[in-house]
Every structure is written in structure tokens, then in C-alpha cells.
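One structure is given here, and the rest of the page talks about it.
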Amino acid sequence: MKNNFLLMIKGGLIGIANIIPGVSGGTMAVVLGIYEQLIDAISNFATDKSKRKEYILFLALIGGGAAGAVVALSFLMKFLLAHYPEFTYLFFIGLIIGSVPSIYRTHSDMRATPSGIASFLAGAGLILFLTLYFGDVEKPSAAATVGAIDSAAFIMLLISGVLAGGSMIVPGISGSFLLVLLGQYQLVISAVADHRLDVLAIVAAGAVAGILSFARLIQYLLRRFPSQTIYFILGLVIASLYPIFPGLPKSAVHFTAGTLLVLCGIGLSFLLSVNSPEQG
49 MKNNFLLMIK GGLIGIANII PGVSGGTMAV VLGIYEQLID AISNFATDKS KRKEYILFLA
109 LIGGGAAGAV VALSFLMKFL LAHYPEFTYL FFIGLIIGSV PSIYRTHSDM RATPSGIASF
169 LAGAGLILFL TLYFGDVEKP SAAATVGAID SAAFIMLLIS GVLAGGSMIV PGISGSFLLV
229 LLGQYQLVIS AVADHRLDVL AIVAAGAVAG ILSFARLIQY LLRRFPSQTI YFILGLVIAS
289 LYPIFPGLPK SAVHFTAGTL LVLCGIGLSF LLSVNSPEQG
């Protein structure tokens with residue numbers, strides 16, 4: 049019972065990470081020491097009959113905790129991003145910076161080989177390309193409203209759900225960040241806060257498809273090319289700081305408060321990773 053409760057708490061933390069643009073639910077799973085177990089359960093629950101009940105219980109606890117956190121905190125996130133966007137994003141930046149050591153420790157052999165460096169540059173380049181291609185990232189605000197869903201909106205929400213869902217289980221790639229880049233983050237957060245079940249059902253269907261599709265690919269890459277995959281992820285993580293950076297502080301007070309928030313974010317990431325087992 050205690051272990052089940054802890055799994056729900058960990059699921060809640062993953063859910064919180066998934067609604068923060070730039071913060072990765074996959075990274076949080078690594079920090080909490082359950083990433084490989086999560087990928088294994090998602091990849092094999094339908095095919096491994098001997099462990100099916102164990103996998104389903106694990107996924108139900110993690111999923112339930114994550115869903116509860118998303119519903120409970122969507123109101124808070126909408127408020128913070130509407131009224132204190134710069135400070136909120138600086139805290140997110142601290143969380144991201146603090147997650148880098150945890151990702152690096154997921155494999156024992158992380159020598160800077162040519163293939164590792166190339167993988168790092170490819171990951172960083174992908175984020176920079178997406179950011180430049182989509183232009184300036186639109187910071188979420190309270191102005192987002194959810195209207196009627198036509199065919200174009202349906203397709204966009206479904207595609208966004210697939211990409212965000214798949215990215216949720218990739219350490220370093222933020223599902224919420226992709227929603228921001230695709231211009232759907234405000235709409236989805238507002239849909240959660242306003243209980244728009246039609247919008248949420250479309251996004252959820254896409255997310256499930258994305259999670260199932262990406263899990264096997266990630267499992268293969270981490271087993272076949274572990275260090276290169278992690279270097280690629282590190283490139284994604286570090287480059288993701290660029291599009292969410294809110295700009296230089298406007299005053300000494302803002303600078304001091306912003307610096308403290310960055311340090312708090314870094315400290316929280318380190319705190320969460322203290323008891324995280326090294327993998328690889």
C-alpha cells in the first residue's frame with residue numbers, strides 16, 4: 049500500500065512536469081528512478097501476459113497520479129503564466145538546468161565521443177530549428193478561450209496530442225513545450241480549467257497513440273545506442289532554455305527575484321534527484 053501511494057505521488061510529479069512548458073515528464077521519471085520501468089510497462093503490457101497485471105497496476109497508479117495533478121494544478125498554472133510569466137519561466141529554467149546532471153547519470157559510459165557530440169548537436173539543433181521555424185514562442189496568458197471545434201481544429205488538436213504524448217516519455221523533450229510551439233498550450237490548459245471534455249478527449253486520444261508509438265522506439269534506442277541517445281536528449285534539454293528565456297530583468301528587484309527563482313528551481317531538481325538510482 050505504501051509503495052502504491054509513493055507511485056501515485058511520483059505520477060503526480062510527472063503530471064506536474066508535463067504541464068510546465070520546457071520541463072519534461074520523461075526527465076522527471078528519470079529523476080524519480082522509474083523511467084526504465086515506465087518504458088518497459090508501456091511497451092510490454094499488451095504482450096507480456098505473465099506481468100500484465102503488474103504493468104497495468106503500475107501504469108494505473110502513475111497515470112492516476114499524473115491526471116490528478118494536471119486537473120488540480122491547471123488553474124494555478126493558468127494564473128501564474130497570466131500574471132507572473134517572467135518569474136514563472138525563470139523558475140522553469142532553474143528546473144531544467146537542475147535536471148541536466150540526472151540525465152547525464154542515466155548511463156555509465158558518457159565519454160565525449162564524436163558520435164556523442166554529433167548527437168548532442170543534433171538534439172540542440174532540432175530545438176533551435178523548431179523555435180526559429182515557428183517564430184517567437186507565445187507565452188501563455190489568461191486570454192485563451194476555447195471555442196467550437198471544427199475539422200481543422202480537430203486535426204490540429206489530434207496531431208498536437210500525438211506529438212505531446214510521445215514527447216512526454218522522452219527525457220528532455222517537453223510535451224507542454226511542443227504544445228507552446230504548436231500554439232495549442234493556452235487552449236489545452238484553458239480546456240482543462242474550463243472542463244471542456246470534447247477538447248480533452250481529442251488531445252487524450254492523440255496522446256495515448258503517441259505514448260504507445262514512442263515507447264518501443266525509445267526502448268530500442270536506449271538499448272542499442274544508450275550514450276548517443278542520452279547525448280541527443282541533453283542537446284534537447286539545454287537548447288530548450290533558449291525559447292522560454294523571458295529576457296533580461298527590468299530592474300534590480302526583478303533581477304534578484306529572478307535569480308532566486310532560478311536557484312530554487314535548480315535546488316528542487318537536485319533535491320528530487322538525491323535518491324535517484326544511477327542507471328545504465
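Residue numbering for the sequence shown follows the numbering used here, starting at 49 and increasing by one per position. Where is the CB? At the ideal position from N, CA and C, for every residue including glycine.
Enclosing alpha helix (DSSP H) for residue i [first to last residue]
{"i": "Tyr-290", "result": "289 to 292"}
{"i": "Gln-331", "result": "Not covered by the structure: residue 331. The range shown for the chain is 49 to 328."}
{"i": "Pro-149", "result": "133 to 152"}
{"i": "Met-76", "result": "73 to 79"}
{"i": "Gly-209", "result": "199 to 216"}
{"i": "Asp-157", "result": "That residue, Asp-157, is in no alpha helix (DSSP H); it is neither H nor E in DSSP."}
{"i": "Phe-262", "result": "245 to 272"}
{"i": "Ala-89", "result": "83 to 92"}
Length of the line joining the Cα atoms of residue i and residue j
{"i": "Phe-140", "j": "Val-240", "result": "21 Å"}
{"i": "Ala-252", "j": "Leu-205", "result": "9 Å"}
{"i": "Phe-106", "j": "Tyr-268", "result": "21 Å"}
{"i": "Pro-149", "j": "Ser-199", "result": "43 Å"}
{"i": "Ser-189", "j": "Leu-54", "result": "Residue placement at Ser-189 cannot be trusted, given a pLDDT of 46 that sits under 50; the coordinates are not used to answer."}
{"i": "Glu-164", "j": "Phe-127", "result": "The residue asked about is misnamed: residue 164 is Gly in this sequence, not Glu. Roughly 40 Å between the two C-alpha positions."}
{"i": "Arg-271", "j": "Gly-213", "result": "22 Å"}
{"i": "Ala-201", "j": "Thr-161", "result": "44 Å"}
{"i": "Val-210", "j": "Gly-173", "result": "22 Å"}
{"i": "Gly-112", "j": "Ala-255", "result": "15 Å"}
{"i": "Tyr-137", "j": "Gly-59", "result": "23 Å"}
{"i": "Glu-134", "j": "Glu-102", "result": "43 Å"}
{"i": "Gln-232", "j": "Leu-245", "result": "16 Å"}
{"i": "Glu-186", "j": "Ala-130", "result": "Note that Glu-186 has pLDDT 48, beneath the 50 cutoff, so the model's placement of it is unreliable and no number is given."}
{"i": "Ala-94", "j": "Ala-257", "result": "14 Å"}
{"i": "Ile-207", "j": "Ser-72", "result": "19 Å"}
{"i": "Met-56", "j": "Ile-110", "result": "5 Å"}
{"i": "Tyr-132", "j": "Leu-316", "result": "20 Å"}
{"i": "Lys-99", "j": "Leu-86", "result": "13 Å"}
{"i": "Ser-238", "j": "Ala-263", "result": "28 Å"}
{"i": "Arg-153", "j": "Phe-177", "result": "27 Å"}
{"i": "Ile-175", "j": "Ala-108", "result": "32 Å"}
{"i": "Glu-326", "j": "Phe-168", "result": "Here Glu-326 scores only 47 on pLDDT, less than 50, and its place in the model should not be relied on; the value that follows carries that caveat. Taking the straight line joining both Cα atoms gives about 20 Å."}
{"i": "Pro-294", "j": "Pro-274", "result": "33 Å"}
{"i": "Gln-234", "j": "Ala-249", "result": "16 Å"}
{"i": "Asp-242", "j": "Ser-122", "result": "10 Å"}
{"i": "Gly-171", "j": "Gly-283", "result": "4 Å"}
{"i": "Ser-91", "j": "Ile-278", "result": "19 Å"}
{"i": "Ile-104", "j": "Ile-281", "result": "28 Å"}
{"i": "Ala-89", "j": "Leu-124", "result": "31 Å"}
{"i": "Ile-151", "j": "Thr-75", "result": "7 Å"}
{"i": "Thr-307", "j": "Tyr-181", "result": "30 Å"}
{"i": "Val-230", "j": "Val-218", "result": "Before going on, a small fix: residue 230 reads as Leu here, not Val. For Leu-230 and Val-218, the distance between alpha carbons rounds to 18 Å."}
{"i": "Leu-61", "j": "Ile-314", "result": "16 Å"}
{"i": "Asn-51", "j": "Gly-81", "result": "14 Å"}
* To do: Indicate whether the contact test is met: 3 or more Cβ pairs, each with one atom in the region 283 to 301 and one in the region 106 to 122, closer than 8 Å.
  => Cβ pair count under 8 Å is below three, so no.
* Evaluate the contact criterion for the region 297 to 304 versus the region 156 to 170: three or more CB pairs, one atom per stretch, below 8 Å. => No, the region 297 to 304 is not in contact with the region 156 to 170.
* To do: Evaluate the contact criterion for the region 259 to 268 versus the region 129 to 147: three or more CB pairs, one atom per stretch, below 8 Å.
  => With a cut-off of 8 Å, the region 129 to 147 and the region 259 to 268 do not count as touching, because too few Cβ pairs lie within range.
* Spell out a yes or no on whether the region 222 to 233 and the region 64 to 83 are touching, meaning 3 or more CB-CB pairs, one atom from each, closer than 8 Å. => Yes, they touch.
* 3-residue-minimum beta strand (DSSP E) runs that sit fully inside the region 295 to 321, ordered along the chain -> Considered as a whole, the region 295 to 321 harbours no complete run of any beta strand (DSSP E) with no fewer than 3 residues.
* Mind listing, in chain order, the continuous alpha helix (DSSP H) runs of no fewer than 4 residues lying wholly within the region 96 to 132? => Runs of the alpha helix (DSSP H) lying entirely within the region 96 to 132, each at least 4 residues long, are 100 to 131 in chain order.
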